[in-house]
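Q: The numbering of the sequence shown is numbering that gives the first Met the number 0, which starts it at 0 and goes up by one.
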Amino acid sequence: MYDRNYLAHRLRHASIGREDQPFLIHPDSGAEVSHGAFFANAERMASALSRMGVKPGDRVAVQAPKTQAMLELYIGCVLAGAVFLPLNTGYTPAEVRYFLGDATPALLVCDPTKLDDLTPLAAECGVRHIRTIASDGSGSLVEARDGEAPGFTPMPRDPLDLAAILYTSGTTGRSKGAMLTHRALASNSETLRDTWRFTPDDVLIHALPIFHTHGLFVATNITLMAGGACIFLPGFDAEQIMAAMPKATALMGVPTFYTRLLQQEGLSEASKTMRLFVSGSAPLLAETHDRWREVTGHAILERYGMTETNMNTSNPYDGDRRAGTVGFPLPGVELKVCDPETGEDLPQGEIGMLEVRGDNVFAGYWQMPEKTAEELREDGFFITGDLGRIDDDGYVHIVGRGKDLIISGGFNVYPKEVETLIDDLPGVLESAVIGVPHPDFGEGVVAVVVPVAGADLTETGILTAIASDLAKFKQPKRVLFLPELPRNTMGKVQKNALRQDYAEIFA
Ligand code: AMP
């Protein structure tokens with residue numbers, strides 16, 4: 000019956016006949032949940048949704064702790080034909096209200112601690128039902144699941160039906176709901192499973208949030224589609240990951256996972272049985288890549304993707320995983336570098352706007368036809384907003400977000416170029432280069448530098464050290480020091496926050 004539902008069929012396929020094999024391993028209790036038991040619960044979730052009147056195409060918004068029940072709800076939505084809409088657990092009720100008003104879900108699932116705040120907002124937005132999932136796995140939705148008889152006949156869904164809406168982080172203007180089809184999710188996860196060689200023998204350390212594409216689709220879908228298992232952690236905890244490694248084969252993380260794990264004793268020993276470390280969602284410093292290889296013997300495999308497109312590129316499984324690059328376009332993904340103004344293809348090697356096309360790409364922004372038309376071309380290419388280039392060997396390099404490009408005195412300054420030079424200096428842990436308003440130049444280049452513990456760095460020291468390697472217009476006009484850079488939950492440096500903090504520096 001699963002074959003009536005495009006994505007559910009593909010998620011279930013690998014564990015047919017192997018229902019007893021573990022899917023989720025809870026590290027604290029050591030409890031294992033088999034693929035069969037997991038799908039049985041997801042089917043009862045689907046029954047509970049249907050009983051509430053959730054119909055195919057209805058949205059189900061979820062702001063809940065990372066739990067097995069939330070994953071069951073995700074699959075329950077797929078089975079019921081509903082559109083899963085996870086929300087960052089950090090959003091305040093006022094922020095959640097925007098999403099409820101925009102997406103008009105039939106059901107909101109939240110943490111019981113937020114019920115009092117969210118109930119009136121949900122009512123205002125016409126949300127018919129509100130249920131809970133708590134961090135201990137209890138809650139009214141779980142009770143509803145337990146009240147259902149086993150078994151659910153999946154709702155028929157076609158490749159182009161929606162499976163999920165994920166809102167972008169909205170650093171420029173309103174947050175936009177990226178509409179992801181059954182085919183986009185299925186095709187990308189199958190490609191990644193094959194490219195990264197996931198099999199039933201794999202045990203993935205799952206420490207990413209499941210409201211974001213990385214932890215929800217990349218990590219979870221691949222494990223299901225491989226028929227493998229994952230050690231399911233509530234979040235990043237270096238000690239728990241160290242303890243999990245000897246029982247695992249793979250880790251997917253954001254760069255901060257790796258920088259923090261490098262500070263742990265015994266990493267070399269603990270990582271011996273691992274076969275794969277994947278990094279993405281933010282740029283991995285070449286230094287982290289090199290240190291990781293020195294300590295563990297493994298080259299981290301860096302990949303590049305985004306909410307709207309799933310994953311676009313990956314360093315090779317076999318072959319050279321190059322630090323500072325995001326590898327090659329995945330099978331089925333076309334990637335080109337274009338002039339940001341005209342959209343014309345640029346010659347090989349030049350920096351420009353990355354555009355991608357393939358089954359992985361989203362279907363548009365929820366109820367925003369103008370935004371969709373601005374970013375998704377009629378021929379199917381999506382304008383990613385990332386600037387990059389393709390080197391002579393075909394590796395893709397990301398040089399930054401388009402909106403982070405600095406224009407100083409009419410000249411383009413790519414922050415990454417300046418950051419790379421500064422990061423290479425002794426005593427520098429990392430840096431972020433931003434543009435802020437400048438009375439003469441329009442924007443002035445500012446470098447925010449994080450020193451390694453105990454290093455004695457000065458503004459003049461840094462400026463002198465990079466002066467001979469950079470054209471004058473690219474050189475920072477100020478160098479400032481911070482103990483750490485502001486980052487969001489996915490490890491992305493929040494340049495917006497830095498631009499705000501230093502907006503007046505040249506005033
Ligand atoms: P999100 O939609 O939250 O997943 O953010 C997507 C953005 O993260 C991309 O458009 C890139 O700017 C950035 N990103 C993702 N992976 C990488 C990577 N490996 N290197 C550099 N930037 C990345």
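C-beta: ideal position from N, C-alpha, C; glycine also.
Predicted model, so just to flag it, every value in this text is computed and none were measured.
Spell out a yes or no on whether the region 247-264 and the region 280-298 are touching, meaning 3 or more CB-CB pairs, one atom from each, closer than 8 Å.
A: Segments in contact, yes.
Q: Buried or exposed for residue 112, please, with buried defined as at least 16 other CB atoms from any protein chain shown within 10 angstroms of its CB.
A: To locate residue 112, count along the sequence shown from 1; it is residue 113. That one is exposed.
Q: With DSSP as the reference, please indicate the residues paired to residue 399 in a beta bridge.
A: For the purposes of this step, residue 399 is taken as the residue at position 400 of the sequence shown. 386, per the DSSP bridge assignment.
Q: DSSP three-state call for residue 235: helix, strand or coil?
A: For the purposes of this step, residue 235 is taken as the residue at position 236 of the sequence shown. Coil.
Q: Under a Cβ-count criterion, where at least 16 other Cβ atoms within 10 Å of its own Cβ denotes burial, should residue 245 be classed as buried or exposed?
A: For the purposes of this step, residue 245 is taken as the residue at position 246 of the sequence shown. It counts as exposed.
Q: Any contact between the region 219-233 and the region 180-191? By contact I mean 3 or more CB pairs, one from each, below 8 Å.
A: Touching, per the Cβ criterion.
Q: Any heavy atom of the ligand AMP inside 7 Å of the beta-carbon of residue 501?
A: For the purposes of this step, residue 501 is taken as residue 502 along the sequence shown, with counting starting at 1. Outside the cutoff, so no.
Q: Do residue 176 and residue 81 have their CB atoms nearer than 8 Å?
A: The residue labelled residue 176 in the question sits at position 177 within the sequence shown. The residue labelled residue 81 in the question sits at position 82 within the sequence shown. No, these two residues do not count as a Cβ contact at 8 Å.
Q: Of the residues 500, 493 and 4, which one's Cα is nearest the Cα of residue 180?
A: The residue you call residue 180 lines up with position 181 of the sequence shown. The shortest C-alpha separation from residue 180 is found at 4.
Q: Is the region 201-221 in contact with the region 326-333, if contact means three or more CB pairs nearer than 8 Å?
A: Output reads no: the region 326-333 does not touch the region 201-221.
Q: Please give the ranges of any beta strand (DSSP E) in the region 243-278, keeping only runs that are unbroken, at least 3 residues long and fully inside the region.
A: Within the region 243-278, the complete beta strand (DSSP E) runs of at least 3 residues are 249-252 and 275-278.
Q: What do you reckon, is the C-beta of residue 303 under 7 Å from a heavy atom of the ligand AMP?
A: By 1-based counting over the sequence shown, the position of residue 303 is 304. Yes.
Q: Kindly give me the distance between the Cβ atoms of residue 381 and residue 307, rounded to whole angstroms, as I take these residues to be in contact under 8 Å.
A: Stepping through the sequence shown from its first residue, residue 381 is reached at position 382. Stepping through the sequence shown from its first residue, residue 307 is reached at position 308. Correct: roughly 6 Å between the Cβ atoms.
Q: How many angstroms separate the CA atom of residue 318 from the CA atom of residue 274?
A: Position 319 of the sequence shown, counting from 1, holds the residue named residue 318. Position 275 of the sequence shown, counting from 1, holds the residue named residue 274. So the alpha carbons of these two residues sit roughly 14 Å apart.
Q: Mapping the DSSP letters down to three states, classify residue 62 as helix, strand or coil.
A: Within the sequence shown, numbered from 1, the residue matching residue 62 stands at position 63. If DSSP states are grouped into helix, strand and coil, residue 62 belongs with the strands.
Q: Anyone know if the C-beta pair for residue 394 and residue 327 falls short of 8 Å?
A: Sequence index remark: in the sequence shown, residue 394 carries index 395 (1-based). Sequence index remark: in the sequence shown, residue 327 carries index 328 (1-based). Contact: yes.
Q: Reducing DSSP to helix, strand and coil, say where residue 9 ends up.
A: Numbered from 1 along the sequence shown, position 10 holds the residue referred to as residue 9. Residue 9 falls in the helix class under three-state DSSP.
Q: Where DSSP assigns a beta bridge to residue 449, which residues make up the other side?
A: As a working mapping, residue 449 is identified with position 450 in the sequence shown. Residue 449 is bridged to 429.
Q: Beta-carbon of residue 274 versus every beta-carbon of chain D: anything under 8 Å?
A: You won't find chain D in this structure, because it holds only one protein chain.
Q: Find the nearest neighbour of residue 55 within the set 114, 32, 160 and 127, judged by alpha-carbon distance.
A: Position 56 of the sequence shown, counted from the first residue, corresponds to residue 55. Of the listed residues, the one whose Cα sits closest to residue 55 is 160.
Q: Taking its Cβ as the centre, do 16 or more other Cβ atoms sit within 10 Å of residue 349, making it buried, or is it exposed?
A: The residue given as residue 349 occupies position 350 in the sequence shown. Answer is exposed; the Cβ neighbour count stays below 16.
Q: Could you pull the DSSP bridge partners for residue 312 from this structure?
A: Position 313 of the sequence shown, counted from the start, is the residue given in the question as residue 312. Paired residues: 303 and 328.
Q: For a test of the three-state rule: what should DSSP assign to residue 495, helix, strand or coil?
A: Stepping through the sequence shown from its first residue, residue 495 is reached at position 496. DSSP places residue 495 in helix when its eight states are reduced to three.
Q: The ligand AMP heavy atoms versus the CB of residue 461: any closer than 7 Å?
A: Taking the first residue of the sequence shown as position 1, residue 461 is located at position 462. Checking every heavy atom of the ligand AMP against the Cβ of residue 461, none is found closer than 7 Å.
Q: Taking 7 Å as the cut-off, is the CB of residue 277 close to at least one heavy atom of the ligand MG?
A: Of the ligands this structure carries, namely the ligand AMP, none is the ligand MG.
Q: First and last residue of the alpha helix (DSSP H) that includes residue 139?
A: If you number the sequence shown from 1, residue 139 lands on position 140. Unbroken alpha helix (DSSP H) run through residue 139: 139-145.
Q: Which same chain residues end up closer than 7 Å to residue 150 when comparing Cβ atoms and leaving out the 5 residues on each side of it in sequence?
A: By one-based count along the sequence shown, residue 150 stands at place 151. Within the same chain, residue 150 has close Cβ partners 42.
Q: Who are the near neighbours of residue 238 in its chain, counting only those whose CB is closer than 8 Å to its CB and skipping five residues on each side?
A: By 1-based counting over the sequence shown, the position of residue 238 is 239. Hits under 8 Å: 263.
Q: Cβ of residue 385 versus every heavy atom of the ligand AMP: is any distance shorter than 7 Å?
A: Indexing the sequence shown from 1 puts residue 385 at position 386. Yes, the Cβ of residue 385 comes within 7 Å of a heavy atom of the ligand AMP.
Q: Any chance the region 123-137 sits against the region 12-21, with 3 or more Cβ pairs inside 8 Å?
A: No, because fewer than three Cβ pairs between the region 123-137 and the region 12-21 fall closer than 8 Å, the two stretches do not touch.
Q: According to DSSP, is residue 367 helix, strand or coil?
A: By one-based count along the sequence shown, residue 367 stands at place 368. If DSSP states are grouped into helix, strand and coil, residue 367 belongs with coil.
Q: Can you tell me which of the three DSSP states residue 284 falls into?
A: Here residue 284 is taken as the residue at index 285 of the sequence shown, counted from 1. Coil at residue 284, not helix or strand.
Q: Leaving out five residues on either side along the sequence, give the residues of the same chain with a beta carbon under 6 Å from the beta carbon of residue 214.
A: On the sequence shown, position 215 is the one that residue 214 refers to. Closer than 6 Å at Cβ, skipping near neighbours: 207 and 208.
Q: Please list, in chain order, all residues of the same chain as residue 170 whose beta carbon is under 6 Å from its beta carbon, the five residues on each side excluded.
A: Along the sequence shown, one-based indexing puts residue 170 at 171. In this prediction, residue 170 has a pLDDT of 48, which is less than 50 and means its spatial position is unreliable; what the coordinates show is noted afterwards. These residues qualify, in order along the chain: 495.
Q: Assign residue 60 to one of two classes, buried (16 or more other C-beta atoms within 10 Å of its C-beta) or exposed (fewer than that).
A: One-based indexing of the sequence shown puts residue 60 at position 61. With 16 or more other Cβ atoms within 10 Å, it is buried.
Q: Using alpha carbons as the reference points, say which of 115, 138 and 361 lies closest to residue 64.
A: For this step, residue 64 is matched to residue 65 along the sequence shown. For the residues 115, 138 and 361, the minimum Cα distance to residue 64 belongs to 138.
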